[in-house]
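Scroll down for the structure; my scribbles are underneath it.
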Amino acid sequence: MPELLFALDSSKRFTDQEKVGHNRWHPDIPPVATVRPGQSFRVHCREWFDGAIRNDDSADDIRDAPLKRVHALSGPFTVHGAEPGDLLMVDILDMGPIPQEDSGPLAGQGWGYTGIFAKANGGSFLTDQFPDAYKAVWDFKGHRATSRHIPGVSFTGMSHPGLMGTAPSTALLATWNQREAALIATAPDRVPPLALPPEPENAILGTLTDAEFDRVAAEAARTAPPRENGGNQDIKNFTVGSRVFYPVYVPGANLSVGDLHFSQGDGEITFCGGIEMGGFIDLHVDLVKNGMQTYGVTENAIFQPGNTPPLFSQWLAFSGISVTLDGEQRYLDSQLAYQRACLHAINYLTRFGYQPEQAYLLLGAAPIEGRFSGVVDIPNSCATVYLPTEIFDFDVRPSTSGPIRIDPGRGAPKASMS
Ligand code: ZN
5 MPELLFALDS SKRFTDQEKV GHNRWHPDIP PVATVRPGQS FRVHCREWFD
55 GAIRNDDSAD DIRDAPLKRV HALSGPFTVH GAEPGDLLMV DILDMGPIPQ
105 EDSGPLAGQG WGYTGIFAKA NGGSFLTDQF PDAYKAVWDF KGHRATSRHI
155 PGVSFTGMSH PGLMGTAPST ALLATWNQRE AALIATAPDR VPPLALPPEP
205 ENAILGTLTD AEFDRVAAEA ARTAPPRENG GNQDIKNFTV GSRVFYPVYV
255 PGANLSVGDL HFSQGDGEIT FCGGIEMGGF IDLHVDLVKN GMQTYGVTEN
305 AIFQPGNTPP LFSQWLAFSG ISVTLDGEQR YLDSQLAYQR ACLHAINYLT
355 RFGYQPEQAY LLLGAAPIEG RFSGVVDIPN SCATVYLPTE IFDFDVRPST
405 SGPIRIDPGR GAPKASMS
């Protein structure tokens with residue numbers, strides 16, 4: 005086992021640990037450890053809400069999810085010799101849930117969860133059609149997931165970190181804050197919001213205290229969006245075996261990681277997405293000196309995806325085009341086309357007995373594939389979503405005899421009215 009450089013005690017909150025991580029981006033957040041190029045190391049990660057979501061049959065915790073507390077990140081790790089302009093090469097050697105037999109209170113200890121965020125608290129990709137909070141709890145048996153809230157499916161997780169990245173420079177952070185503030189200013193009262201400005205409340209900034217804490221908390225960027233430093237990219241193929249190259253913006257690079265997903269569908273469409281868990285991840289780091297200029301990787305990370313299973317061979321695909329549900333024609337709107345493809349798949353699955361929310365949660369959690377299939381055929385973009393048919397216990401394909409009806413159980417729990 006590689007040396008454990010960031011240990012978490014599952015019985016304690018993220019802020020009560022021996023080494024305290026962070027939940028904002030800022031160049032002045034102090035590193036928790038130094039690593040050398042060529043070194044492998046293990047990191048524990050808390051699930052992104054630090055234990056606020058419970059293994060029960062109520063979605064009230066998703067409805068009230070403490071969004072100002074995300075993401076609980078492990079790090080930063082400073083890499084000896086890294087300089088701005090280098091590329092930080094990171095290999096994902098291994099990862100998995102919290103290594104403990106019994107089912108415990110923290111997601112990752114034998115279980116994980118997927119939620120649909122309420123429109124009033126985060127929203128999701130299909131928030132107009134699904135404005136209320138729902139939850140599905142998934143049970144892990146080895147690398148396999150099943151859910152008492154979504155009967156009839158089981159699949160092997162393509163586990164990956166939803167979030168990893170390097171610290172921004174002071175100048176890059178200022179750029180983020182300026183451009184995101186300008187977007188927010190176009191509709192400051194929008195629900196859900198267009199973007200999230202810096203938020204000192206619930207900020208966790210490692211060992212910073214007092215005046216330094218207040219200054220950094222007022223400037224530090226939220227962790228929700230992916231940006232030039234990598235960040236919350238939520239790429240389902242970023243599995244064990246992946247090698248990623250991050251731009252380095254500060255001396256030491258200051259690498260951080262978290263938001264582990266047992267599994268996720270392309271797009272993480274329910275937003276409280278994938279199957280969230282805490283766990284461990286083993287990383288190896290190296291440096292490509294001056295790699296940003298050498299390879300032209302100046303705008304964002306590049307990566308070689310992992311090649312871990314499951315590798316499915318049978319799919320059922322749904323297409324969508326850039327026409328709204330009200331029949332309005334839009335011009336090459338791939339976001340809309342992907343929404344229509346997802347709604348198409350959800351509608352189809354209801355014919356087998358699923359409630360729409362169960363189908364939506366399934367698309368967020370299972371390793372479905374999403375593609376922008378056509379982007380030039382005016383006026384319609386064409387997007388497609390692919391369901392691996394092997395994840396279903398029954399034949400989910402259309403046939404001349406009509407759909408089998410499954411027992412949907414009690415359904416996915418919905419939040420009560422707040
Ligand atoms: Zn996540």
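Position 371, counted from 1, in the sequence shown is what our numbering calls 375; the numbers after and before it change by one each time, with no gaps.
Just so it is clear, CB atoms sit at the ideal spot from N, CA and C, and this is done for glycine as well.
Keep in mind that this is a model prediction, so the values were computed, not measured.
1) Taking Cβ to Cβ, would you say A199 is nearer than 8 Å to A221?
2) Determine the extent of the alpha helix (DSSP H) in which Q308 is found, giving its start and end residues.
3) Since V244 is in the beta strand (DSSP E), which residue starts that stretch and which ends it?
4) Can you check the stretch 341 to 389 for any beta strand (DSSP E) of at least 3 residues that lies completely inside it and give the ranges in chain order?
5) So the candidates are D68, P6, D13, L259; which of them puts its Cα closest to the Cα of H30?
6) Less than 7 Å between the CB of W52 and some heavy atom of the ligand ZN, yes or no?
7) Compute the distance between the beta-carbons of F316 and E394, then report whether it is under 8 Å.
8) At a cut-off of 7 Å, would you count H164 as near the ligand ZN, judging by its Cβ distance to the nearest heavy atom?
9) Within the present structure, is the beta-carbon of D263 separated from the nearest heavy atom of the ligand ZN by less than 7 Å?
10) Please report the straight-line C-alpha distance between F129 and T227, rounded to a whole angstrom.
11) Output needed for E303: all residues of its chain with C-beta closer than 7 Å, excluding positions within five of it in sequence on either side, in chain order.
12) Going by DSSP, what residue range makes up the beta strand (DSSP E) through W319?
13) With DSSP collapsed to three states, give me the class of V36.
14) Do I8 and S44 have their CB atoms nearer than 8 Å?
15) Taking DSSP's pairing of strands, which residues face H288 in a bridge?
16) Got a sec? Which residues, its chain only, sit under 7 Å from D290 by beta carbon, not counting five neighbours each side?
17) Nearest by alpha-carbon distance to T213: which of R414, V24, H147 is it?
18) On the DSSP bridge assignment, give the partners of M168 in chain order.
19) If distances are taken between C-alpha atoms only, which option among S326, R401, Y358 comes closest to S377?
20) If the criterion is Cβ atoms closer than 8 Å, does the pair P196 and K139 meet it?
21) Please confirm whether any heavy atom of the ligand ZN lies closer than 7 Å to the CB of G55.
22) Which one or two residues does DSSP pair with D143 in a beta bridge?
On the basis of the supplied data:
1) Numbered from 1 along the sequence shown, position 195 holds the residue referred to as residue 199. Numbered from 1 along the sequence shown, position 217 holds the residue referred to as residue 221. No; because the gap between Cβ atoms is not below 8 Å, this pair is not in contact.
2) The count along the sequence shown starts at 1 and reaches residue 308 at position 304. Where Q308 is concerned, there is no enclosing alpha helix (DSSP H), although the beta strand (DSSP E) it sits in stretches over 306 to 308.
3) In the sequence shown, the residue the question calls residue 244 occupies position 240. From DSSP, V244 is part of no beta strand (DSSP E); its letter is neither H nor E.
4) Complete beta strand (DSSP E) runs here, min 3: 373 to 378.
5) If you number the sequence shown from 1, residue 30 lands on position 26. Out of D68, P6, D13, L259, L259 has the C-alpha closest to the C-alpha of H30.
6) Residue 52 sits at position 48 when you count from the first residue of the sequence shown. W52 Cβ: within cutoff of the ligand ZN.
7) Taking the first residue of the sequence shown as 1, we reach residue 316 at position 312. Taking the first residue of the sequence shown as 1, we reach residue 394 at position 390. Yes, Cβ-Cβ distance for F316 and E394 is below 8 Å.
8) To locate residue 164, count along the sequence shown from 1; it is residue 160. Checking the 7 Å criterion, the Cβ of H164 is out of range of every heavy atom belonging to the ligand ZN.
9) Here residue 263 is taken as the residue at index 259 of the sequence shown, counted from 1. Yes, the ligand ZN has a heavy atom inside 7 Å of this Cβ.
10) The residue you call residue 129 lines up with position 125 of the sequence shown. The residue you call residue 227 lines up with position 223 of the sequence shown. Rounded to whole angstroms, F129 to T227 spans 18 Å at the Cα level.
11) By 1-based counting over the sequence shown, the position of residue 303 is 299. Closer than 7 Å at Cβ, skipping near neighbours: E232.
12) Translated into the one-based positions of the sequence shown, residue 319 becomes position 315. 319 to 325 is the span of the beta strand (DSSP E), which, as asked, contains W319.
13) By 1-based counting over the sequence shown, the position of residue 36 is 32. Coil at V36, not helix or strand.
14) The count along the sequence shown starts at 1 and reaches residue 8 at position 4. The count along the sequence shown starts at 1 and reaches residue 44 at position 40. One point to set straight first is that residue 8 is Leu, not Ile, in the sequence displayed. No, Cβ-Cβ distance for L8 and S44 is not below 8 Å.
15) To locate residue 288, count along the sequence shown from 1; it is residue 284. DSSP output for H288 lists S44, D95 as bridge partner(s).
16) As a position in the sequence shown, residue 290 is number 286, starting the count at 1. Only P41, G42, M93 meet the Cβ criterion.
17) Indexing the sequence shown from 1 puts residue 213 at position 209. Each of R414, V24, H147 was checked against the Cα of T213, and the nearest Cα belongs to V24.
18) As a first step, residue 168 is located in the sequence shown; it is residue number 164 there, counting from the start. Looking at the DSSP assignment, M168 forms a beta bridge with G235, V261.
19) To locate residue 377, count along the sequence shown from 1; it is residue 373. Nearest option by C-alpha distance: S326.
20) Translated into the one-based positions of the sequence shown, residue 196 becomes position 192. Translated into the one-based positions of the sequence shown, residue 139 becomes position 135. No. Outside cutoff.
21) By one-based count along the sequence shown, residue 55 stands at place 51. Checking the Cβ of G55 against the ligand ZN gives no.
22) Residue 143 sits at position 139 when you count from the first residue of the sequence shown. According to DSSP, D143 bridges with W115, T150.
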